[in-house]
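Encoded structure:
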C-alpha cells in the first residue's frame, strides 16, 4: 500500500513521481555553495600574491599551487610536517580511546545489570549539554601544574572518552546484541570481560566504526583548546594555520594553499567514507 | 591413593567457594568498572574545572603569578562594568541569531527536497555534507578572503550589479553577518541530514490521509512535516545553541589580529574570555567571564526546555 502510493513511491517504484527539474536545480545551487569555497581557495592558492587584487582574474586555477604549498611547508614557524604528524597522532589516539571506553561503558549500560543504572545513564546524557569548554581556565592551570602545556598529552587526555560516545554505543548495543547471546557466553563460563571482548565488542563493530570516524573529524578540526594549551613549535594543523595567517596575511595565495593542504586529508577521508558519514548522522538523528 | 582422594575431596569445596566469590565480585563490580572511565574523566576535566572556575573568579589570579588575594565578586563587578563585555554579549547573540535562524530554515528546505524521490540520493546527501569536513579555522580563512573589504569576491560580485562594496570588517553588523555565513556553510547540510532522518520517520499514512482530504504539498509540509519534526528540530536547536554561544574559531581568524576587531565589531564572549586570560594574563577576570557565559547558556537552555515541555504537552493532548 505504502510502496505504491503516488505520494511516496519508494523502492521498486522508482519511475513513479520523480521530482521536477526545479528540485534538481535547487540542489545544484546547494551543491555549488558546498563546493565553491574550496574551489575558491584552490583558485587563489594556485595564483600569486597579485591574483586577489586582479579585477580580471581568471576562473581557471593558475600554476603556482605547488610553489605556494612549498612556501607553506618550508616555513619554519608554521611547522607543517610536525603539525600534520601531531594531528594524525592526536586524532588517532583519541578516536581509538573514545571507541574502546565508550563501547565498554555502552555495553555495560545496555546489557549488564547494576544498581542506579538508569540514573547514571541519564547523568551521562545530561553532561552532553554541559559546556565544558568553559572550564578552560582551571584546566590550563592544572596542565601548567603538571608541566603538560605544549605537549600532546594536554590535548589527548581530556578527550579520552566522550559522553556522546557512551550514549551512542549504549543505543546501538541495546538493539544490536541479543541478551541471549550474552547469557550464552556467561553459561559457557566466560568471565565478564571475556563476554565483553568476544561477544559485546564484535557485535558493536558498525557503530564503533562510525564513532571512530566522527571522533576523528571532531578532533582533527578542534581549535580552541589546542590553540590555548599548545604553542607554535608543537602545534596541531588548525593551530599552525593560525600561525600561517599571522605570518602571511598579506599573501593570501600562500594562506589558502596552506588551508587546502590542511584540508586534503579529510577530503580523502570524505571520498572514502562519505557514505558512512551520511548514514551515521541519519542514524544518530533517529535515535537521538 | 586413599589419601589423595581424600585431599581432593577436602580441597574442592573451598576452591569452588573462592571462584564463586570471585565470580560474584566480577558480576557485581565489572559494570561499574566499565562505566568508570567516563565518570572519572568527566569529574577531572569537566566538572572540577567548571566548579573551580568559580573559585578562580573570586580571586586576583595571574597567568604567571598564580593565585592572589581573595577579592570576592570584584572580578564580576569589573567585567560587568566593561563596555566590551556587553558588546561581546550583543555580538554573540547577533552572530548566533544570524547563523541559527537562516540555517535551520534552509536546512528544513534542503531536507524536504532530499526527502523527495531523487535520482542519485547518496550523491546529493554527500554533497550537502562536504562542508562539514572543512575545519572551522580553514572556513574562516577562506571566507575572510572572500569577504575582503577591498578586493574580496563578494564585493566584486556586488559591484557587477551596481551595489557599492560593503565594509565587511569595519561594519559590526556586516562582520557578524560574514561570520554567521561561515557557521551556516559548515552546519546547514549536517543539520539538513538530521532533519531528513526525522522526516523519514514520519508515518506515510499521514500524508496519504491529508492528500485524500485535499491538502496540497505546501499545506502537507506545514501541517504534517513541521509539527511531526518538532523533537528533531528541538534537538538541532539545542545543539546549535550550546555550540553557537561559545563561538570562537571563526571570529578569531576573521582578521590576522584575532582580537575581535579594532572596535570589537565581532568580539564574542569566548574571544573576550581568551583575551582576558591569555592576552592580559588575568585569569580571575577570564574565569568570571566563563561563569557569566555559563549562566547565559543555562538561561537559554532553560528557555529551550520550556519550549520542549510545551510541545511535549501539546503532543500529549493530541494523542
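Protein chains in written order, with the working numbering: chain A, 1378 to 1665; chain B, 31 to 349. For every residue, glycine included, the Cβ atom is placed at its ideal position computed from N, Cα and C.
Query raised in the report: Apart from the five residues just before and just after residue 1470(A), which ones in its own chain have a Cβ nearer than 7 Å to its Cβ?
Result: The beta carbon of residue 1470(A) is closer than 7 Å to those of 1533 in its chain, skipping five residues each way along the sequence.
Query raised in the report: With burial defined as no fewer than 16 other Cβ atoms inside 10 Å of the residue's Cβ, what is the status of residue 1428(A): buried or exposed?
Result: Residue 1428(A) should be labelled buried.
Requested in this report: Please list the segments of the alpha helix (DSSP H) lying wholly inside the segment 267 to 298 of chain B, counting only runs of 4 or more residues, in order along the chain.
Outcome: You should have 279 to 282.
Query raised in the report: Does residue 1540(A) come within less than 8 Å of chain B when only Cβ atoms are used?
Result: So, interface residue.
Query - CB of residue 277(B) within 8 Å of CB of residue 290(B), strictly - result: Going by C-beta atoms, residue 277(B) is not nearer than 8 Å to residue 290(B).
**Report entry** CA-to-CA distance, residue 241(B) to residue 370(B), given in whole angstroms
**Finding:** There is no way to answer for residue 370(B), as the model of chain B reaches only from 31 to 349.
Report task. Using the Cα positions of residue 1493(A) and residue 60(B), report the straight-line distance between them to the nearest angstrom. Result -> Cα to Cα, the separation comes out at about 14 Å.
Query raised in the report: Below 8 Å between beta carbons: does that hold for residue 1596(A) and residue 1468(A)?
Result: Yes.
Query raised in the report: Near residue 237(B), which residues of its chain fall below 8 Å by C-beta distance, leaving aside the five closest residues on each side in sequence?
Result: So the qualifying residues of the chain are 250 and 254.
Requested in this report: Consult DSSP for residue 97(B) and reduce its assignment to one of helix, strand or coil.
Outcome: Of the three classes helix, strand and coil, the one that applies to residue 97(B) here is strand, per DSSP.
**Report entry** Extent of the continuous alpha helix (DSSP H) to which residue 1556(A) belongs
**Finding:** DSSP places residue 1556(A) inside the alpha helix (DSSP H), whose first and last residues are 1556 to 1564.
Report task. Specify the secondary structure class of residue 90(B) as computed by DSSP and reduced to three states. Result -> The three-state secondary structure of residue 90(B), taken from DSSP, is strand.
**Report entry** N-terminal and C-terminal residue of the alpha helix (DSSP H) that residue 350(B) is part of
**Finding:** Outside the shown range of chain B (31 to 349) lies residue 350(B), about which nothing can therefore be said.
Query - Through-space distance from residue 1656(A) to residue 1407(A), alpha-carbon basis - result: Between the alpha carbons of residue 1407(A) and residue 1656(A) lies a gap of roughly 20 Å.
Query raised in the report: By how many angstroms is the C-alpha of residue 325(B) removed from the C-alpha of residue 315(B)?
Result: Each residue's alpha carbon lies about 15 Å from the other.
Query raised in the report: Is there contact here, the segment 1556 to 1574 of chain A with the segment 1517 to 1535 of chain A, by at least three beta-carbon pairs under 8 Å?
Result: Too few Cβ pairs lie closer than 8 Å, so no.
Query raised in the report: Any beta-carbon of chain A closer than 8 Å to the one on residue 196(B)?
Result: Chain A contact via Cβ: absent.
Query raised in the report: When DSSP builds the beta bridges, which residues end up paired with residue 312(B)?
Result: Residue pairing by DSSP places residue 312(B) opposite 92(B) in a beta bridge.
Query - residue 267(B) burial status per 10 Å Cβ neighbour count (16 or more: buried) - result: Its Cβ being crowded by 16 or more others within 10 Å, residue 267(B) is buried.
**Report entry** Assigned exposure category for residue 1538(A) - 16 Cβ within 10 Å defines buried
**Finding:** Flag for residue 1538(A) reads buried.
Requested in this report: Enumerate, from N- to C-terminal direction, the unbroken alpha helix (DSSP H) stretches of 4 or more residues contained entirely within the segment 189 to 255 of chain B.
Outcome: Qualifying alpha helix (DSSP H) stretches, in chain order: 202 to 230, 234 to 242 and 247 to 250.
Report task. Go through its chain and collect everything with a Cβ distance to residue 213(B)'s Cβ below 6 Å, but skip five positions before and after it. Result -> Within the same chain, residue 213(B) has close Cβ partners 129.
Query raised in the report: Would residue 252(B) count as contacting chain A if we go by Cβ distances under 8 Å?
Result: Answer no: the Cβ-Cβ gap between residue 252(B) and chain A never drops below 8 Å.
Query raised in the report: Just how far apart, CA to CA, sit residue 1645(A) and residue 139(B)?
Result: For residue 1645(A) and residue 139(B), the distance between alpha carbons rounds to 29 Å.
Query raised in the report: If you drop the 5 nearest sequence neighbours on each side, which residues of the same chain put their C-beta closer than 8 Å to that of residue 1502(A)?
Result: 1540 and 1544.
Requested in this report: Report the residue ranges of all alpha helix (DSSP H) runs contained in full by the segment 1434 to 1506 of chain A; include only those spanning at least 4 residues, in chain order.
Outcome: Those alpha helix (DSSP H) runs which fall completely within the segment 1434 to 1506 of chain A and span 4+ residues are 1442 to 1451, 1457 to 1488 and 1494 to 1504.
Query raised in the report: Any residues in the segment 125 to 148 of chain B with a beta carbon nearer than 7 Å to a beta carbon of chain A? Which ones, in chain order?
Result: Only those residues of the segment 125 to 148 of chain B whose C-beta falls short of 7 Å from the nearest C-beta of chain A are listed: 140, 143, 146, 147 and 148.
Report task. Could you name the residues of the same chain whose beta carbon sits closer than 7 Å to that of residue 1421(A), not counting the 5 residues immediately before and after it, in chain order? Result -> Apart from sequence neighbours up to five positions away, the residues of its chain that approach residue 1421(A) with a beta-carbon distance below 7 Å are 1428, 1429, 1629, 1630 and 1633, ordered along the chain.
Query raised in the report: My guess is that residue 1547(A) and residue 1487(A) are in contact by the Cβ rule of under 8 Å, so how many angstroms apart are they, rounded?
Result: Contact between residue 1547(A) and residue 1487(A) holds: their C-beta atoms lie close to 5 Å from each other, under 8 Å.
Query raised in the report: How big is the Cα-Cα spacing for residue 188(B) and residue 1411(A)?
Result: When rounded, the distance between both Cα atoms is 20 Å.
Query raised in the report: Can you name, in chain order, every residue of its own chain whose Cβ lies under 8 Å from the Cβ of residue 142(B), other than the five neighbours on each side?
Result: 229, 251 and 255.
Query raised in the report: Does residue 64(B) have its Cβ less than 8 Å from a Cβ in chain A?
Result: Put simply, the CB of residue 64(B) is near chain A, with a gap under 8 Å to one of its CB atoms.
Query raised in the report: Can you list the residues of chain B that residue 1408(A) reaches, using a CB-CB cut of under 8 Å?
Result: Near residue 1408(A) (Cβ distances below 8 Å), the residues of chain B are 154, 157 and 158.
**Report entry** Pick from 159(B), 330(B) and 112(B) that is closest to residue 1591(A), judged by C-alpha positions
**Finding:** Residue 1591(A) has its Cα closest to that of 159(B), out of 159(B), 330(B) and 112(B).
Query raised in the report: Is the CB of residue 308(B) under 8 Å away from at least one CB in chain A?
Result: Yes - at least one Cβ of chain A is within 8 Å of the one on residue 308(B).
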